[in-house]
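One structure below.
There are 4 protein chains.
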Amino acid sequence: MHQSRVPVHPSRRGRTRSEAARAAILQATRDELIANGYDKLSVDRIAAAAGAGKQTVYRWYPAKSALVADCIIGGYLLADFAEVPDSGDVRLDLRNWVRAFAGYSGQPGTSPVLRAAAAAAAESDEVAARMYEHVTSVAEAALSDRLRAAGHAGQLPDGSPVATLLSQAIIGAVLYRILTRLPLTADFADALVNSVCGGSQPPAASAQLAPGPAGR
Amino acid sequence: MHQSRVPVHPSRRGRTRSEAARAAILQATRDELIANGYDKLSVDRIAAAAGAGKQTVYRWYPAKSALVADCIIGGYLLADFAEVPDSGDVRLDLRNWVRAFAGYSGQPGTSPVLRAAAAAAAESDEVAARMYEHVTSVAEAALSDRLRAAGHAGQLPDGSPVATLLSQAIIGAVLYRILTRLPLTADFADALVNSVCGGSQPPAASAQLAPGPAGR
Amino acid sequence: MHQSRVPVHPSRRGRTRSEAARAAILQATRDELIANGYDKLSVDRIAAAAGAGKQTVYRWYPAKSALVADCIIGGYLLADFAEVPDSGDVRLDLRNWVRAFAGYSGQPGTSPVLRAAAAAAAESDEVAARMYEHVTSVAEAALSDRLRAAGHAGQLPDGSPVATLLSQAIIGAVLYRILTRLPLTADFADALVNSVCGGSQPPAASAQLAPGPAGR
Amino acid sequence: MHQSRVPVHPSRRGRTRSEAARAAILQATRDELIANGYDKLSVDRIAAAAGAGKQTVYRWYPAKSALVADCIIGGYLLADFAEVPDSGDVRLDLRNWVRAFAGYSGQPGTSPVLRAAAAAAAESDEVAARMYEHVTSVAEAALSDRLRAAGHAGQLPDGSPVATLLSQAIIGAVLYRILTRLPLTADFADALVNSVCGGSQPPAASAQLAPGPAGR
DNA sequence: GAATAATCGAGACGGTACGTCTTGTCTTACT
DNA sequence: AGTAAGACAAGACGTACCGTCTCGATTATTC
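Chains as they are written, first to last, in our numbering: chain A, 476 to 691; chain B, 476 to 691; chain C, 476 to 691; chain D, 476 to 691.
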C-alpha cells in the first residue's frame with residue numbers, strides 16, 4: 476500500500492504537493508462514509524466535495540480501499556485508544572478503556588465509520604494488514620501490556636498468551652457488537668470486563684466494582 | 476428484507492416461482508464469493524453461472540447484500556454451529572466448539588465467505604439484523620446456554636450476563652481473527668477458552684474461584 | 476407472417492378463441508402507438524391495457540411487428556383509400572383523394588400511427604411485404620387505374636408505366652411529407668396534383684382547376 | 476490595430492473530446508446498421524466494435540436515433556446528392572440524378588441504412604427535423620433549383636410551388652420504393668422522370684410547351 | 001354426465017439491451 | 001511538477017422488454 480506523506484526531497488522541482496488537498500480529501504472521505512457508508516463511497520464525489528481532482532486522490536492513494544484505510548489510520552476516524560493507563564487496578568483500567576470506546580462509538584457518525592473499517596478490512600487483505608498494523612494491533616498491544624502487568628501483579632492469571640487472547644476477546648466483543656448493532660453502553664463495558672476477567676477475580680476487588688446490570 | 480419462500484396463497488395466478496432457480500442462484504453466489512470475494516461479486520456473473528436471467532435474481536433478492544445474507548442464512552455458507560454439546564466439562568465443550576469452527580474456517584473457500592458475511596453485515600443494517608437473527612444469535616445462544624449450565628454447575632461464575640458476555644467475547648475473538656487474518660488454529664481455540672474462562676486452572680482451583688459471585 | 480383468424484375447423488375441441496380479446500389487443504395496440512410511438516411499443520403494456528394475457532397476444536400474432544402490421548391492415552389505422560372515384564375529371568378526382576388523405580392524416584393520433592407503419596415497414600422485410608400487399612399496393616392500384624383511365628380518355632399521357640409511376644410519385648410525396656413532418660394541407664393536395672399532372676395539361680382544363688397557392 | 480482573437484474553445488479545462496473515438500463510433504454504427512438493421516442496433520456492440528466505452532457513446536449522442544441521424548448526416552451513409560448538374564436538358568439531368576441514386580442504393584449494405592434512416596425519422600420528431608435539415612431538404616433544394624431553372628427556360632411549367640412539389644414527388648417516389656422494397660433500376664429512374672415531367676412527349680409537343688429552344 | 005382439450009388472465013422464466021454510475025488512467029490548461 | 005477539470009475504456013448496476021413456459025380457471029367438444 477502506497478504511503479509517502481513526507482517528500483523525500485523537501486525541495487524538488489515543480490509545485491509541491493498540497494497537504495491541504497490531502498486533508499480535504501480525507502475529510503470528504505469521512506463525510507461520505509458517514510453519509511452513505513462504505514459501499515456507496517464514490518471517488519468522484521469525494522474529489523468533488525474536497526474540491527480536488529480525481530488524479531490528486533489517486534496520487535496520494537492507490538485505490539479507494541487504501542483511502543479508507545488511511546482515513547481511519549490517520550486518526551480521522553479513530554481517536555487514540557493506544558493507551559491503557561495503569562492505575563494499579565486492571566479491571567478499573569480496562570473498564571475505563573472499554574467505556575471510553577463505547578462513548579466514542581456512540582458519537583453521531585462514528586458507528587458507520589467503524590463499520591466501514593470492518594467492511595474494508597473484510598474485503599481487502601492489504602487493507603486488513605495495514606489497518607491491523609496501525610490500529611487494532613496497537614490497541615491490542617496496549618491492552619495486552621496492561622494485562623500482562625496485571626498478571627505479574629497477581630491480579631490475573633499470568634502468561635503472555637492469556638494477555639493476548641483476553642485482549643483479542645475484548646476487542647472482538649466490541650467488534651461483534653458494532654457489526655450486530657448491539658449497543659455499546661457503559662454497562663456493557665463493565666459486564667464485559669467483569670466476565671472475561673472474572674474467573675480469577677479476588678472477592679475484595681469485585682466488591683470495588685460497580686456491578687451495574689449489563690445491557691444485552 | 477424480502478423473503479417469501481412460502482407462498483401465502485397456495486393457489487397463485489401465474490407461473491409458480493422456481494425454487495430450482497433460486498437454489499442455483501445461491502449456489503452460484505457461493506461459488507462467486509469463494510472465487511472473487513464480496514466486493515467483486517457480480518450479479519451478471521451469478522445469473523450467468525446459475526443459468527438464470529438477471530431479473531430472476533432481482534425477483535428473489537432486492538440487492539447484492541440480501542443475496543449474500545440469504546446465501547449464508549440458508550446454510551450455503553455456514554455449517555451448523557448452533558449446538559454446543561454438554562459433556563459435563565464446559566472448557567472441553569467450548570474448546571471443541573471453537574476448534575470445530577477453526578477447522579471449518581480453515582477449509583478452502585470458507586474464509587472469504589466468512590469475511591463476505593462480515594462485509595455484508597457491516598454495509599447494511601437490514602442484512603446485519605437478518606444475519607444476527609438467523610446465524611450469530613443462534614451460535615451466541617448455544618454458547619450462552621452451555622455457559623449458563625456451567626455456571627449452575629459451579630464450573631464458572633454464575634449469572635446470565637456473564638454467560639452472554641463470554642459468548643460474545645468468544646465469537647468476537649474469532650471474528651477479530653478472521654478479519655485481521657490471524658490464523659484460527661486448535662492452539663488458539665484452547666488458549667482462548669482457557670483465557671476467557673479463567674485460565675487452565677485445575678478443577679480444584681476452579682472450585683476455589685466460583686463460590687457464587689456477587690449476584691446476577 | 477402467421478395469419479389464422481378464421482379457424483380451419485369451425486368446431487374443434489376446447490375453448491373457442493375470443494375475438495373480443497383480439498379486438499381489444501388491436502385497440503390497445505393502436506392506443507399505445509398513438510401514445511408512445513412504434514419504438515416504445517410494449518407487448519406487456521398492450522396485454523395489460525387489453526386485459527389480456529401475453530400468451531393470448533402471441534397466440535394471434537407471432538411477433539410485435541406482425542401485430543402492428545395487422546393493426547394497420549385490419550383497418551384499425553388506415554381508413555379506406557382503395558377507391559378513387561371517377562368523375563370524368565382526373566385532376567379533380569386525384570385532388571379529392573389526396574385531400575381526403577390529408578384530412579385523415581390531420582386527425583389527432585393519425586400521424587404517429589402512419590409513421591409507425593413506416594417504421595415497421597422500414598425495419599422488417601416481412602412486415603413491409605405484408606403491408607404493401609394489403610395497404611399501399613391497393614391504394615397504388617386504385618390511383619393507377621384512375622390514371623390509366625384518364626390516359627385512355629386523353630387527359631393524360633397514355634401508358635401503363637406512366638400511370639404506375641405517377642401513382643407512386645403521389646403516394647411517395649405524401650409519405651415524404653409525413654416522415655419529414657411537413658403539413659399535409661388541402662393546398663398541398665391541389666399543388667401536388669397540379670404539378671405531377673401538369674406537364675400535359677390542356678390550358679382549358681387548367682383554367683377549370685382552382686390553382687390555390689401550394690403550401691410548401 | 477488589435478484584432479482580439481477569440482479561441483473556438485476558450486480554454487476548456489479537462490481532456491479534449493476525442494474526435495477519433497467519435498469517428499470510430501460512427502463507423503461501427505454504420506457497420507452494425509448494415510449487418511443487423513436499425514431495430515437490432517445495440518449500443519453495447521457498437522461501443523465494443525469501436526473500442527469505446529458506452530459512456531463515450533452517450534457523451535456524444537443522447538440516444539440511438541440521434542446516433543443514426545448523425546451517422547447519416549455526417550456522410551457516413553449518404554453520398555452527396557446535393558448537386559443536380561445543369562446540362563440544359565432538365566429531363567436528362569433529373570434522370571441522371573435518380574439513376575445515380577438508384578445505383579448508389581443498389582450497392583450492398585446501402586438499402587438497410589436508408590431504411591434505418593427512414594425508421595429513425597419515423598420514430599423521432601427531433602431526428603426527423605435534424606435529418607430533414609441536413610439531408611433531404613438539401614437534395615430537395617437541389618432538385619427544386621434545377622426544376623425552377625427549367626421552368627424559367629420554358630422546359631416545364633413555371634412556378635416555385637411546382638418545382639418544390641415535383642422535387643418532393645421524385646424523392647417521395649424513391650422513398651416509397653425503398654420502403655416497399657421495389658427495385659430502384661435505371662428504367663425506373665427514366666420512367667419516373669418522364670412521368671412527373673410530362674411524359675415522353677415528342678419534341679413537337681415539347682416545343683408546344685416550351686417556346687424557348689429546348690436543346691443544345 | 002365425465003373426460004378431454006384448447007383457451008383464458010396472470011405472471012415467472014432465460015435472455016438481451018438499455019442508459020447510468022463508478023473505477024482508475026490519461027490528457028488538457030493553469031499555477 | 002502539481003492541480004482542477006473532465007474525457008476515456010471497462011464493466012457492473014438495476015430496469016424494461018421480448019417471446020416462452022407454466023400455473024389454475026374457464027369454456028367447449030367428445031365420449
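Note that beta-carbon positions come from the ideal geometry of N, C-alpha and C, so glycine has one too. Remember, predicted model here, so these are calculated numbers, not experimental data.
Checklist entry - Roughly how far, in whole angstroms, is the beta-carbon of Ser642 (chain D) from the beta-carbon of Leu618 (chain D), given that I think they are within contact range, below 8 Å? => result Confirmed, about 4 Å.
Next on the checklist: Spatial neighbours of Ile547 (chain B) within its chain, please: C-beta separation below 7 Å, excluding the five flanking residues on both sides.
Outcome noted: Leu553, Ala592, Met606 and Val610, listed in sequence order.
Item to check | Buried/exposed call for Lys529 (chain C), threshold 16 Cβ in 10 Å | outcome: Lys529 (chain C) counts as exposed, since fewer than 16 other C-beta atoms from the protein chains shown sit within 10 angstroms of its C-beta.
Next on the checklist: Counting only C-beta atoms, is Val671 (chain D) closer than 8 Å to chain C at any point?
Outcome noted: Yes, Val671 (chain D) counts as interfacial toward chain C.
Checklist entry - With 16 as the cutoff for other CB atoms within 10 Å, does Ser540 (chain D) come out buried or exposed? => result By the Cβ neighbour-count rule, Ser540 (chain D) is buried, with 16 or more other Cβ atoms within 10 Å of its own.
Item to check | Lys515 (chain A) in three-state terms, based on DSSP | outcome: Looking at Lys515 (chain A) - three-state DSSP - the assignment turns out to be helix.
Next on the checklist: Contact criterion: CB-CB distance below 8 Å. Does Thr611 (chain D) meet it with respect to chain C?
Outcome noted: It does: the Cβ of Thr611 (chain D) has a partner Cβ on chain C nearer than 8 Å.
Checklist entry - Rounded to whole angstroms, how far is the Cβ of Val637 (chain B) from the Cβ of Gly563 (chain A), which I believe are closer than 8 Å? => result Between Gly563 (chain A) and Val637 (chain B) the Cβ distance is about 25 Å, and since that is not below 8 Å, they are no contact.
Item to check | Outcome for Ala490 (chain D) when other beta-carbon atoms lying within 10 angstroms are tallied against a minimum of 16 | outcome: Reading the sequence as shown, one finds Arg at residue 490 (chain D) and not Ala. By the 10 Å Cβ count, Arg490 (chain D) comes out exposed.
Checklist entry - Where do the N-terminal and C-terminal ends of the alpha helix (DSSP H) with Ile646 (chain A) fall, by residue? => result Counting along the chain, Ile646 (chain A) sits inside the alpha helix (DSSP H) bounded by residues Ser635 to Leu654.
Checklist entry - What is the DSSP secondary structure of Asp665 (chain A), counted as helix, strand or coil? => result Of the three classes helix, strand and coil, the one that applies to Asp665 (chain A) here is helix, per DSSP.
Checklist entry - Can you find at least 3 beta carbon pairs, one from the region 621 to 631 of chain D and one from the region 619 to 630 of chain C, that sit closer than 8 Å? => result In the pairwise beta carbon analysis, the region 621 to 631 of chain D is classified as not touching the region 619 to 630 of chain C: fewer than three pairs are separated by under 8 Å.
Next on the checklist: Less than 8 Å between the C-beta atoms of Ala544 (chain B) and Ala595 (chain B), yes or no?
Outcome noted: Closer than 8 Å, so yes.
Checklist entry - Given a threshold of 16 other Cβ atoms within 10 Å of its Cβ, counted over all protein chains shown, does Gln630 (chain B) qualify as buried or as exposed? => result Note on Gln630 (chain B): 16 or more other CB atoms within 10 angstroms of its CB, so buried under the neighbour-count rule.
Next on the checklist: Can you check whether the C-beta of Thr531 (chain B) is within less than 8 Å of a C-beta belonging to chain A?
Outcome noted: It does not: the Cβ of Thr531 (chain B) has no partner Cβ on chain A nearer than 8 Å.
Next on the checklist: Suppose the cutoff is 8 Å on Cβ atoms and the five residues either side in sequence are ignored; what does the same chain contact list for Ile653 (chain B) look like?
Outcome noted: Sequence-distant Cβ neighbours of Ile653 (chain B) in its own chain, meaning closer than 8 Å and more than five residues away, are Ser580, Ser586, Leu589, Arg590, Ala593 and Leu659.
Checklist entry - Span of the alpha helix (DSSP H) holding Ser580 (chain A)? => result Here the alpha helix (DSSP H) through Ser580 (chain A) covers Val565 to Gly581.
Checklist entry - Looking at the structure shown, is Arg605 (chain A) part of a helix, part of a strand, or coil, going by DSSP? => result Three-state result, Arg605 (chain A): helix.
Checklist entry - Is any beta-carbon of chain A found at less than 8 Å from that of Asp600 (chain B)? => result Yes, because at least one Cβ of chain A sits closer than 8 Å to the Cβ of Asp600 (chain B).
Checklist entry - Are the beta-carbon atoms of Ala603 (chain C) and Arg656 (chain D) separated by less than 8 Å? => result Taking 8 Å as the Cβ cut-off, Ala603 (chain C) and Arg656 (chain D) qualify as a contacting pair.
Item to check | For Glu558 (chain D), the three-state DSSP class (helix, strand or coil) | outcome: In the three-state reduction of the DSSP assignment, Glu558 (chain D) falls in the coil class, being assigned neither a helical nor a strand state.
Next on the checklist: Please classify Tyr533 (chain D) as buried or exposed, where buried requires at least 16 neighbouring CB atoms within 10 angstroms.
Outcome noted: By the neighbour-count rule (16 or more Cβ atoms within 10 Å), Tyr533 (chain D) is not buried but exposed.
Next on the checklist: Please identify, using Cβ separations under 8 Å, the residues of the region 492 to 519 of chain C that lie next to chain D, in order along the chain.
Outcome noted: Along the region 492 to 519 of chain C, going in chain order, the ones with a CB nearer than 8 Å to a CB of chain D are Gly512, Tyr513 and Asp514.
Item to check | chain D contacts made by the region 628 to 642 of chain C, where a contact means CB separation under 7 Å | outcome: For the region 628 to 642 of chain C, residues whose beta-carbon sits nearer than 7 Å to a beta-carbon of chain D comprise Pro632, Pro636, Val637, Leu640 and Leu641.
Item to check | Euclidean distance between Cα positions of Tyr651 (chain D) and Tyr536 (chain C) | outcome: Between Tyr651 (chain D) and Tyr536 (chain C), the C-alpha separation is close to 26 Å.
Checklist entry - Leaving out the 5 sequence neighbours to the left and right, which residues in its chain are closer than 8 Å to Asp519 (chain B) when beta-carbon positions are compared? => result Sequence-distant Cβ neighbours of Asp519 (chain B) in its own chain, meaning closer than 8 Å and more than five residues away, are Lys529.
Item to check | Among D:Gly512, D:Ile509, D:Gln502 and D:Pro632, nearest to Gly523 (chain D) - alpha-carbon criterion | outcome: The displayed chain sequence assigns Ala, not Gly, to residue 523 (chain D). It is D:Gln502 whose Cα lies nearest to the Cα of Ala523 (chain D).
Item to check | Contacts that Ala593 (chain B) makes with chain A (C-beta to C-beta distance below 7 Å) | outcome: Near Ala593 (chain B) (Cβ distances below 7 Å), the residues of chain A are Ala593, Ala597 and Leu654.
Next on the checklist: If the criterion is Cβ atoms closer than 8 Å, does the pair Ala614 (chain C) and Leu640 (chain D) meet it?
Outcome noted: The Cβ-Cβ distance between Ala614 (chain C) and Leu640 (chain D) does not fall below 8 Å.
Checklist entry - So which residues on chain D does Ala650 (chain C) lean against when the C-beta distance must stay under 8 Å? => result Just to set this straight, residue 650 (chain C) is Leu in the shown sequence, not Ala. What Leu650 (chain C) touches in chain D, judged by beta-carbon distance under 8 Å, is Gly647, Leu650, Tyr651 and Leu654, going in chain order.
Next on the checklist: Rounding to the nearest angstrom, what Cα-Cα distance links Ser670 (chain D) and Arg574 (chain D) in this structure?
Outcome noted: Approximately 15 Å, taken between the alpha carbons.
Checklist entry - Anyone know if the C-beta pair for Ala527 (chain A) and Ala499 (chain A) falls short of 8 Å? => result Taking C-beta atoms as the reference points, Ala527 (chain A) and Ala499 (chain A) count as a pair closer than 8 Å.
Checklist entry - By how many angstroms is the C-alpha of Asp633 (chain D) removed from the C-alpha of Ala689 (chain D)? => result Annotation note: pLDDT 34 at Ala689 (chain D) (below 50); position unreliable, coordinate value reported separately. For Ala689 (chain D) and Asp633 (chain D), the distance between alpha carbons rounds to 15 Å.
Checklist entry - Assuming Ala644 (chain A) contacts Ala577 (chain A) under a Cβ cut-off of 8 Å, what Cβ separation, rounded to an integer in Å, is found between them? => result With a Cβ gap of about 16 Å, Ala644 (chain A) and Ala577 (chain A) do not count as contacting.
Checklist entry - In terms of residue numbering, what span does the alpha helix (DSSP H) encompassing Gly626 (chain A) cover? => result For Gly626 (chain A), the enclosing alpha helix (DSSP H) stretches over residues Ser612 to His627.
Checklist entry - On the premise that Val668 (chain D) lies in contact with Arg505 (chain D), defined as a C-beta separation below 8 Å, what is that separation, rounded to the nearest angstrom? => result Contact between Arg505 (chain D) and Val668 (chain D) does not hold, since the beta-carbon distance rounds to 30 Å and is not under 8 Å.
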